[in-house]
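J.:
Number of protein chains: 2
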Amino acid sequence: MAALHDDVLDALGRRIVSGDLAPGAVLTLDDIDTEYDVSRSVSREAVRVLASMGMVASRRRVGLTVQPRTGWRVFDPRLIRWRLDSEDRAAQLRSLGELRSGFEPVAAALAAVRATPEQCGALTAAVGDMVVHGRAGDLEAFLAADIVFHRVLLEASGNEMLAALDGVVAEVLAGRTHHHLMPTKPKDEAIELHVEVARAVRAGDAAAARAAMETIISEATDAVVADAASSTILGGDGEHA
Amino acid sequence: MAALHDDVLDALGRRIVSGDLAPGAVLTLDDIDTEYDVSRSVSREAVRVLASMGMVASRRRVGLTVQPRTGWRVFDPRLIRWRLDSEDRAAQLRSLGELRSGFEPVAAALAAVRATPEQCGALTAAVGDMVVHGRAGDLEAFLAADIVFHRVLLEASGNEMLAALDGVVAEVLAGRTHHHLMPTKPKDEAIELHVEVARAVRAGDAAAARAAMETIISEATDAVVADAASSTILGGDGEHA
DNA sequence: TCCCGAAATAAATCAGATCTTTTCTGGAGG
DNA sequence: CCTCCAGAAAAGATCTGATTTATTTCGGGA
Numbered sequence: 215m216a217a218l219h220d221d222v223l224d225a226l227g228r229r230i231v232s233g234d235l236a237p238g239a240v241l242t243l244d245d246i247d248t249e250y251d252v253s254r255s256v257s258r259e260a261v262r263v264l265a266s267m268g269m270v271a272s273r274r275r276v277g278l279t280v281q282p283r284t285g286w287r288v289f290d291p292r293l294i295r296w297r298l299d300s301e302d303r304a305a306q307l308r309s310l311g312e313l314r315s316g317f318e319p320v321a322a323a324l325a326a327v328r329a330t331p332e333q334c335g336a337l338t339a340a341v342g343d344m345v346v347h348g349r350a351g352d353l354e355a356f357l358a359a360d361i362v363f364h365r366v367l368l369e370a371s372g373n374e375m376l377a378a379l380d381g382v383v384a385e386v387l388a389g390r391t392h393h394h395l396m397p398t399k400p401k402d403e404a405i406e407l408h409v410e411v412a413r414a415v416r417a418g419d420a421a422a423a424r425a426a427m428e429t430i431i432s433e434a435t436d437a438v439v440a441d442a443a444s445s446t447i448l449g450g451d452g453e454h455a
Numbered sequence: 215m216a217a218l219h220d221d222v223l224d225a226l227g228r229r230i231v232s233g234d235l236a237p238g239a240v241l242t243l244d245d246i247d248t249e250y251d252v253s254r255s256v257s258r259e260a261v262r263v264l265a266s267m268g269m270v271a272s273r274r275r276v277g278l279t280v281q282p283r284t285g286w287r288v289f290d291p292r293l294i295r296w297r298l299d300s301e302d303r304a305a306q307l308r309s310l311g312e313l314r315s316g317f318e319p320v321a322a323a324l325a326a327v328r329a330t331p332e333q334c335g336a337l338t339a340a341v342g343d344m345v346v347h348g349r350a351g352d353l354e355a356f357l358a359a360d361i362v363f364h365r366v367l368l369e370a371s372g373n374e375m376l377a378a379l380d381g382v383v384a385e386v387l388a389g390r391t392h393h394h395l396m397p398t399k400p401k402d403e404a405i406e407l408h409v410e411v412a413r414a415v416r417a418g419d420a421a422a423a424r425a426a427m428e429t430i431i432s433e434a435t436d437a438v439v440a441d442a443a444s445s446t447i448l449g450g451d452g453e454h455a
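First to last, the sequence lines map onto chains A and B. All residue numbers for the first sequence refer to my numbering, where the first residue is 215 and numbers rise by one. All residue numbers for the second sequence refer to my numbering, where the first residue is 215 and numbers rise by one.
1. Following the continuous beta strand (DSSP E) through B:G348, name the residue where it begins and the one where it ends.
2. According to DSSP, simplified to helix, strand and coil, what is B:S272?
3. For the candidate residues B:V341, B:T338, B:L278, B:I430, whose alpha-carbon lies nearest to that of B:E403?
4. Could one say the Cβ of B:G342 lies closer than 8 Å to chain A's Cβ atoms, at least one of them?
5. To the nearest angstrom, how far is it from the Cα of B:R254 to the Cα of B:S266?
6. Look up A:V261 in the DSSP assignment and give the residues it is bridged to.
7. Can you find a CB in chain B that lies within less than 8 Å of the CB of A:M269?
8. Going along the chain, which residues of its own chain have a beta-carbon closer than 8 Å to the beta-carbon of B:G233, five neighbours each way excluded?
9. Would DSSP call B:T279 helix, strand or coil?
10. If you reduce the DSSP assignment to three classes, tell me which class A:L235 lands in.
11. At a Cβ threshold of 8 Å, is A:S266 touching chain B?
12. Could you pull the DSSP bridge partners for A:L241 from this structure?
13. Based on Cα-Cα distance, which residue from A:A370, A:L293, A:L264 lies nearest to A:T279?
14. How big is the Cα-Cα spacing for A:H347 and A:V341?
15. In angstroms, rounded to a whole number, what distance separates the CA positions of B:E410 and B:R297?
16. Please identify, using Cβ separations under 8 Å, the residues of the stretch 377 to 398 of chain A that lie next to chain B, in order along the chain.
17. Name the chain B residues that come within less than 9 Å of A:R287, Cβ to Cβ?
18. Are any of the Cβ atoms in chain A nearer than 8 Å to that of B:S432?
19. For B:M344 and B:D360, I'd like the C-alpha separation in whole angstroms.
20. If you pair each beta-carbon of the stretch 242 to 262 of chain A with each one of the stretch 328 to 338 of chain A, do three or more pairs fall below 8 Å?
21. Taking 8 Å as the threshold (C-beta atoms), are A:R308 and A:V383 in contact?
22. Just checking my contact of B:A355 with B:A325 at CB under 8 Å: how many whole Å lie between their CB atoms?
23. With a CB to CB cut of under 6 Å and the five nearest residues on each side skipped, what residues in its chain are close to B:K399?
24. Given this structure, state the Cα-to-Cα distance separating A:G449 from B:Q306, to the nearest angstrom.
25. Please list, in chain order, the chain B residues whose beta carbon lies closer than 7 Å to that of A:S257.
26. Taking all protein chains shown into account, decide if A:R424 is buried (16 or more other Cβ within 10 angstroms of its Cβ) or exposed.
27. Please classify A:G372: does DSSP put it in a helix, a strand, or coil?
28. What did DSSP end up calling A:A396 once you bin it into helix, strand or coil?
29. Between the Cα of B:T242 and the Cα atoms of B:M269, B:V222, B:A236, B:V276, which residue gives the shortest distance?
30. With 8 Å set as the bound, which would you pick, yes or no: does the beta-carbon of B:R283 sit closer than that to a beta-carbon of chain A?
31. In chain B, which residues lie less than 8 Å from A:R262 when you measure between Cβ atoms?
32. Mind listing the chain B neighbours of A:S182? Cutoff is C-beta to C-beta under 8 Å, in chain order.
33. Please work out which residues of its chain come closer than 8 Å, Cβ to Cβ, to A:L357, disregarding the five sequence neighbours upstream and downstream, and give them in chain order.
34. Rounded to the nearest angstrom, what separates A:N373 and A:L235 at their Cα positions?
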């Protein structure tokens, strides 16, 4: 089931992200063949993908040069995953959080106008789960429901690019929970705000949906800051923390 | 200078985006070798990248299956380019615009806190160019300055993911101008708002920067809607249209 | 009818050759 | 000593064809 080239891609990607292979570093296909004991086609395919992510550039007579971070395709899920698994984790979470603070209110507003009845139902169901598990203090189950809530909302925005960011949101939410930046029991107000978003979406009230979502995020930010856990501006967190 | 595999990748990508190769369609590496008259390594590398973009999946004994759009990595610049060059152009621009309406205000707020003196200078210079070319009615030069302005702003946000969206903004702005959704002469108020963003960023006033950017976008949206050109909700356009 | 093994299929991998581009090196000429 | 050009060398790009492996199909037997 393994895929050789995927293994090599993964290994190289992680080495680059970790800084083991820093921008400017040069390696050759031969190096890769030797180091990972694979044939040329495997190393080539791995490198080709890496190049398509802007992480390396290949030049004849020179070899493969690791590219500066500014050129990386930072929206690639694989790259996000590598960064989250590396030293870079905190920075990646911060970036994702800031990003999220921008697009989630938009998604909520759009969803209010475009959500299908099925999506409204799914949203309501997810909110219901959040209430139940939140009251019970079951953080993992609450997190799962929270992730579903936001995924459905993004999907309901009817914008495929927003929908594609569901992984981002899931990572942020999971990261916050697992890094213990959440209270042991989700705040009632936070849950209430999710209920409000769902209500506004059902009612087709874009402004209300947007406002509630903005509040969710800013409240969460304040809470985190007040928590003295860290201090990111506009801070991205975005959930009852 | 050509790169065989890149040509094939481009050709296949465009065929998929255009619907010529619809989701569910199956093809084999052999088909590609034959159709484009290239060797196996070339077709393999092209397909590998396409797979990494979520556009095809390869399975033994079956071949390559074109994947549904929901799984595509829609943030990949190549995919965005293909969509912009296809029938899908309008939808892609709408998506990008909506997205932009979310993240640009955030970027402005962050830039107010994080911009370096050099970036403030670049921003001011860009605004100056906008004023000059705007007054002169030179739409192309104005567009160029506008693009620079937004690029610098995104970069100044200090968030590499926001910075990576500079291409998105450039495409939206260029698309609006070249689709004649702009007045023959940029509105003074719109220019004034850009001046205000630059001022707020220099002053480190995050709230003001965010507010001005939000106004830029909503004013532009209203203008477009009033223009009866089209009607996208929250319309994302975002520029003096 | 159901299950199992053989055959067929197409991707995955390997191996090695050839082509092309880019860079480096020496030497000729100024 | 510097400049310029030809030739060598390095490394990716492409090609070819063989081998391996996973998956599906299908025929035969219980």
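The C-beta atom is built at its ideal place from N, Cα and C for all residues, glycine as well. All values derive from a computational prediction rather than experimental measurement.
T.: To lay it out plainly:
1. Counting from 1 along the second sequence, the entry for residue 348 of chain B is found at position 134. Not the beta strand (DSSP E): B:G348 falls in the alpha helix (DSSP H), residues 331 to 350.
2. As a first step, residue 272 of chain B is located in the second sequence; it is residue number 58 there, counting from the start. Annotated three-state conformation of B:S272 is strand, per DSSP.
3. Your numbering for residue 403 of chain B matches position 189 in the second sequence. Closest option to B:E403, Cα to Cα, is B:I430.
4. Against the second sequence, residue 342 of chain B aligns to sequence position 128. Not an interface residue.
5. Here residue 254 of chain B corresponds to residue number 40 of the second sequence, with the count starting at 1. Here residue 266 of chain B corresponds to residue number 52 of the second sequence, with the count starting at 1. In a straight line, the C-alpha of B:R254 is about 18 Å away from that of B:S266.
6. Along the first sequence, one-based indexing puts residue 261 of chain A at 47. Paired residue(s): none; A:V261 is not in a bridge.
7. Sequence index remark: in the first sequence, residue 269 of chain A carries index 55 (1-based). A:M269 does not count as touching chain B.
8. By 1-based counting over the second sequence, the position of residue 233 of chain B is 19. So the qualifying residues of the chain are E301.
9. Position 65 of the second sequence, counted from the first residue, corresponds to residue 279 of chain B. In this structure, B:T279 counts as strand in the three-state DSSP scheme.
10. Your numbering for residue 235 of chain A matches position 21 in the first sequence. Three-state result, A:L235: coil.
11. Within the first sequence, the letter at position 52 stands for residue 266 of chain A. A:S266 counts as touching chain B.
12. One-based indexing of the first sequence puts residue 241 of chain A at position 27. BP columns for A:L241 point to A:L278.
13. The count along the first sequence starts at 1 and reaches residue 279 of chain A at position 65. Taking A:T279 as reference, the option from A:A370, A:L293, A:L264 with the minimal CA-CA separation is A:L264.
14. Here residue 347 of chain A corresponds to residue number 133 of the first sequence, with the count starting at 1. Here residue 341 of chain A corresponds to residue number 127 of the first sequence, with the count starting at 1. The straight-line gap from Cα to Cα measures roughly 10 Å.
15. Residue mapping note: residue 410 of chain B aligns to position 196 of the second sequence, counting from 1. Residue mapping note: residue 297 of chain B aligns to position 83 of the second sequence, counting from 1. The alpha-carbon atoms of B:E410 and B:R297 are separated by roughly 34 Å.
16. A377, A378
17. Stepping through the first sequence from its first residue, residue 287 of chain A is reached at position 73. Ordered by position in chain B, the residues that pass the 9 Å Cβ test against A:R287 are R287, F289, D290, P291, A378.
18. Start at 1 with the first residue of the second sequence, and residue 432 of chain B comes out as number 218. B:S432 does not count as touching chain A.
19. Looking up residue 344 of chain B in the second sequence gives position 130. Looking up residue 360 of chain B in the second sequence gives position 146. If I take the Cα positions, the gap works out to 6 Å.
20. no
21. If you number the first sequence from 1, residue 383 of chain A lands on position 169. If you number the first sequence from 1, residue 308 of chain A lands on position 94. The answer is no: Cβ separation not under 8 Å.
22. One-based indexing of the second sequence puts residue 355 of chain B at position 141. One-based indexing of the second sequence puts residue 325 of chain B at position 111. That belief does not hold up - the Cβ atoms of B:A355 and B:A325 are roughly 24 Å apart, past 8 Å.
23. The sequence position of residue 399 of chain B within the second sequence is 185, counting from 1. Closer than 6 Å at the Cβ level, and outside the excluded window around B:K399, lie G351.
24. For the purposes of this step, residue 449 of chain A is taken as residue 235 along the first sequence, with counting starting at 1. For the purposes of this step, residue 306 of chain B is taken as residue 92 along the second sequence, with counting starting at 1. A caution first: A:G449 carries a pLDDT of 38, below 50, which makes its placement in the model unreliable, though a value can still be read off. For A:G449 and B:Q306, the distance between alpha carbons rounds to 29 Å.
25. Within the first sequence, the letter at position 43 stands for residue 257 of chain A. Near A:S257 there are no residues of chain B at all, since even the closest Cβ is about 11 Å away, more than 7 Å.
26. Indexing the first sequence from 1 puts residue 424 of chain A at position 210. Flag for A:R424 reads buried.
27. As a first step, residue 372 of chain A is located in the first sequence; it is residue number 158 there, counting from the start. A:G372: coil per DSSP, three-state reduction.
28. Translated into the one-based positions of the first sequence, residue 396 of chain A becomes position 182. Note that residue 396 of chain A corresponds to Met in the displayed sequence, not to Ala. A:M396 falls in the coil class under three-state DSSP.
29. As a working note, residue 242 of chain B is residue 28 in the second sequence. Of the listed residues, the one whose Cα sits closest to B:T242 is B:V276.
30. Within the second sequence, numbered from 1, the residue matching residue 283 of chain B stands at position 69. At least one chain A Cβ lies under 8 Å of B:R283.
31. Along the first sequence, read from residue 1 onward, the residue named residue 262 of chain A stands at position 48. Correct list: H219, E259, R262, V263.
32. Residue 182 of chain A cannot be examined here, being either before or after the span of chain A that is shown, 215 to 455.
33. Locating residue 357 of chain A in the first sequence gives position 143, counting from the first residue. Taken in chain order, the residues that qualify are L387, A388, T391.
34. Position 159 of the first sequence, counting from 1, holds the residue named residue 373 of chain A. Position 21 of the first sequence, counting from 1, holds the residue named residue 235 of chain A. Taking the straight line joining both Cα atoms gives about 37 Å.
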